[in-house]
Every structure is written in structure tokens, then in C-alpha cells.
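Enquirer: Here you go, one structure.
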Amino acid sequence: MPTTPWPQPAVNTERAARALARLRRGRMLHPAGRSFAGEVLVWGTSGPPTGVRLLDRPGHYPATVRLSKGTPTPDAWPDVLGLAVRIHRQAGRPFDLLVSSSAAAPVLRHLPLPRRRFTGTYSSIMSYRTGRRRLWLAALADPESPDLGHDLAGLSTAVAAGRPGLVLAVASAAGPWRPFGQVTIGDQLSARDDAALAFDPVGNIPEELRLAGPLAWLRQHTYRGSRRGRGATAQSGGSTGLTV
Numbered sequence: 004m005p006t007t008p009w010p011q012p013a014v015n016t017e018r019a020a021r022a023l024a025r026l027r028r029g030r031m032l033h034p035a036g037r038s039f040a041g042e043v044l045v046w047g048t049s050g051p052p053t054g055v056r057l058l059d060r061p062g063h064y065p066a067t068v069r070l071s072k073g074t075p076t077p078d079a080w081p082d083v084l085g086l087a088v089r090i091h092r093q094a095g096r097p098f099d100l101l102v103s104s105s106a107a108a109p110v111l112r113h114l115p116l117p118r119r120r121f122t123g124t125y126s127s128i129m130s131y132r133t134g135r136r137r138l139w140l141a142a143l144a145d146p147e148s149p150d151l152g153h154d155l156a157g158l159s160t161a162v163a164a165g166r167p168g169l170v171l172a173v174a175s176a177a178g179p180w181r182p183f184g185q186v187t188i189g190d191q192l193s194a195r196d197d198a199a200l201a202f203d204p205v206g207n208i209p210e211e212l213r214l215a216g217p218l219a220w221l222r223q224h225t226y227r228g229s230r231r232g233r234g235a236t237a238q239s240g241g242s243t244g245l246t247v
């Protein structure tokens, strides 16, 4: 796990996140959302392998999926939307993939962009490093999937009616998205299960990956502080049952 060369700012960041989570009695980031059981089907990357076994090799995994609003804004107002996918692996830690609403074009995949509807492109914004290469991960709209709606109530209705899905993809800094799998969203979890669920986008990643970029330490300590402020751990919550 990466460490920060600025220990005092990291401590202050974690303390602030912990205090805000306690004040909210919940998540500091993306407090309003819905969680679901699901599954991830990996068929492997096309073209040159990424060097990450979870992406390159076919596999079938139970998953926990959470869609959320970042601020949150009222009802269907534009917001930076979030998608978190916990891929439960048989051995070792799960893979927590956290992506935010963005655009698909290379120049815009690095920017979080507000939008109204949950269907669309979600990008990791920050890159991952594997060896000397940098990768970005994304969940893309599936044209054959039911629409996910424009608010949380509509999201729950859409999932209950249609078992929607998103396409998982990987790209280099300027290259096209290369689909490698699919996440399908299943039964909604209870509000209690949603509240207990906690993600670690820095620590819960495949062995071949590490989060890159100058703000990786900020994400690490912000999420850690938020988890501690509400009494959660990096492994809290999640459904391992296949429902689709």
C-alpha cells in the first residue's frame, strides 16, 4: 500500500474525514445510494494483455454493487454519480473498483462530470499502475441493458424490473476502451446492509495493480478516516450470493 511523504497532512486529512463521518453518522463521500448483490463476468481483454490476471483471464465472480450520488443534490439534479463494484475473489482481498461519472473520450475520462442519469460512462479518473504501464478502468453503458433511471427511487425500480448491467473496460491514457467483462446488478440490499458496506479503493486491489497519481495518498486517508468515523472496516459488508 502506498505511503505518503507528508505524514502530518495525511493525519489531518484522516482526522477531518473521521470527524465529518461521525457528524453525518454515515459516509463522508457519496452518502446517498443503493446497494445490490450482483455478479461480474470477465471474458478477458482483447489485444495485448494488461498483466493483471483478474482482467486478462476469463472468470465468474459474485459481486456487491453500489450506485450513489456524490453530494447529493436534490432528486434528479445533476451530480457526480458514483459506482462501486466489489468483486469477491476466492482467495485474498476483494477488488474494490470505484468509478465516477465521466465522459468516454480520452481527454475527458480523467474528469468527474455531473450528470442526471445513472446510465452512462463511469471512469476510475485516477490511473492504476501495473509495472511501467498506466491503466484506467471504466464501466460503460450497455446498449442492450435497461436504463438505470435518473434518481435513486427510479434506480431501485429499474433494477427490480430488468436486471441491468454495465460493460467493464480498460484503457491506456489515450487509447480506446477495451471491454473485458460485464457487471450485472441483482437484488437490492437492505438499508442496513447499505449502511454497513465500506470500500477501500487503495488496499482492496489485485496484486499486480497499485493506484497511481499524486492524490492516491489523499484517497487512501480520506476513505480510511470515513470508515473509522462510522465504525466500519475495509472488508465491511457485501453480498457474496449470486442472484442473476
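Residue numbers for the sequence shown follow this note's numbering, beginning at 4 and rising by one.
We treat Cβ as the ideally placed atom computed from N, Cα and C, and that holds for glycine.
Check A142 in the structure and name its three-state DSSP category.
Expert: Locating residue 142 in the sequence shown gives position 139, where the first residue counts as 1. Strand, per DSSP.
Enquirer: Thinking just about the alpha-carbon of each residue, which of R181, F121, S104, S71 is nearest to the one in V45?
Expert: By 1-based counting over the sequence shown, the position of residue 45 is 42. Among R181, F121, S104, S71, the Cα nearest to that of V45 belongs to R181.
Enquirer: Evaluate V110 with the Cβ neighbour count: other Cβ atoms within 10 Å of its Cβ, from every protein chain shown; 16 or more gives buried, anything less gives exposed.
Expert: Indexing the sequence shown from 1 puts residue 110 at position 107. Looking at its Cβ environment, which holds fewer than 16 other Cβ atoms inside 10 Å, V110 is exposed.
Enquirer: With a cut-off of 8 angstroms on the beta carbons, I'd call E211 and T160 a contact; round off their distance for me.
Expert: Numbered from its first residue, the sequence shown carries residue 211 at position 208. Numbered from its first residue, the sequence shown carries residue 160 at position 157. E211 to T160, Cβ: 39 angstroms. No contact.
Enquirer: Hey, how far is the Cα of Q185 from the Cα of R96?
Expert: The sequence position of residue 185 within the sequence shown is 182, counting from 1. The sequence position of residue 96 within the sequence shown is 93, counting from 1. Approximately 20 angstroms between the Cα atoms of the pair.
Enquirer: Does the distance from the CB of V170 to the CB of Q191 come in under 8 angstroms?
Expert: Within the sequence shown, numbered from 1, the residue matching residue 170 stands at position 167. Within the sequence shown, numbered from 1, the residue matching residue 191 stands at position 188. Cβ atoms of V170 and Q191: not closer than 8 angstroms.
Enquirer: Once DSSP output is grouped into helix, strand and coil, what is the label at L57?
Expert: Here residue 57 is taken as the residue at index 54 of the sequence shown, counted from 1. Here L57 sits in helix by DSSP.
Enquirer: Helix, strand or coil for R195, going by three-state DSSP, please let me know.
Expert: Start at 1 with the first residue of the sequence shown, and residue 195 comes out as number 192. Looking at R195 - three-state DSSP - the assignment turns out to be helix.
Enquirer: Go ahead and pull the three-state DSSP assignment for A24.
Expert: Taking the first residue of the sequence shown as 1, we reach residue 24 at position 21. Confidence in A24 is poor, its pLDDT being 48 and thus under 50, which makes the residue's placement unreliable; the coordinate value appears in the next sentence. Here A24 sits in helix by DSSP.
Enquirer: Since R137 contacts A215 with CB under 8 angstroms, what's their CB separation in whole angstroms?
Expert: Here residue 137 refers to the residue found at position 134 of the sequence shown. Here residue 215 refers to the residue found at position 212 of the sequence shown. Contact holds; Cβ gap of about 6 angstroms.
Enquirer: Is the separation between the beta-carbon of D197 and that of G36 shorter than 8 angstroms?
Expert: The sequence position of residue 197 within the sequence shown is 194, counting from 1. The sequence position of residue 36 within the sequence shown is 33, counting from 1. Yes, the pair counts as a contact, with Cβ atoms nearer than the cut-off.
Enquirer: Identify which residue in T124, E42, K72 has its Cα closest to the Cα of I1.
Expert: It is not possible to answer for residue 1, since the shown part of the chain is limited to 4 through 247.
Enquirer: Grouping DSSP H, G and I as helix and E and B as strand, with all else coil, what is V162?
Expert: The sequence position of residue 162 within the sequence shown is 159, counting from 1. Three-state DSSP puts V162 in a helix.
Enquirer: How should D252 be labelled, buried or exposed, when 16 other C-beta atoms within 10 angstroms of its C-beta is the threshold for buried?
Expert: Nothing about residue 252 can be reported from this structure: the residues present for the chain run from 4 to 247 only.
Enquirer: Please determine if the stretch 172-181 and the stretch 68-75 are in contact, where contact requires at least 3 C-beta pairs separated by less than 8 angstroms.
Expert: Touching, no.
Enquirer: Given G62, which residues of its chain have a CB within under 6 angstroms of its CB, disregarding the five upstream and five downstream residues?
Expert: Position 59 of the sequence shown, counting from 1, holds the residue named residue 62. Answer for G62: V45, listed in chain order.
Enquirer: Name the one or two DSSP bridge partners that T48 has.
Expert: As a first step, residue 48 must be located in the sequence shown, where it is residue number 45. Paired residues: none, contrary to the question.
Enquirer: Can you tell me whether R69 is buried or exposed, with buried defined as 16 or more other CB within 10 angstroms of its CB?
Expert: For the purposes of this step, residue 69 is taken as residue 66 along the sequence shown, with counting starting at 1. The residue is buried, with at least 16 neighbouring Cβ atoms inside 10 Å.
Enquirer: Taking the alpha carbon of D82 as the point to measure from, which residue in P52, R120, P209 has its own alpha carbon closest?
Expert: By one-based count along the sequence shown, residue 82 stands at place 79. If we check each option's Cα against that of D82, R120 comes out closest.
Enquirer: Smallest Cα separation from S193: which of Y64, D203, F39?
Expert: Numbered from its first residue, the sequence shown carries residue 193 at position 190. The option with the nearest alpha carbon to S193 is F39.
Enquirer: Quick one: using the 10 Å Cβ neighbour count with 16 as the cut-off for buried, is L114 buried or exposed?
Expert: Here residue 114 refers to the residue found at position 111 of the sequence shown. Result: exposed.
Enquirer: Measuring straight from C-alpha to C-alpha, what distance separates V88 and L140?
Expert: Reading the sequence shown from its first residue, position 85 is the one you call residue 88. Reading the sequence shown from its first residue, position 137 is the one you call residue 140. One C-alpha to the other measures close to 12 angstroms.
Enquirer: Give me the Cα-Cα distance between F248 and D99, rounded to the nearest whole angstrom.
Expert: For the chain, the structure presents residues 4 to 247; residue 248 sits outside this window and is missing.
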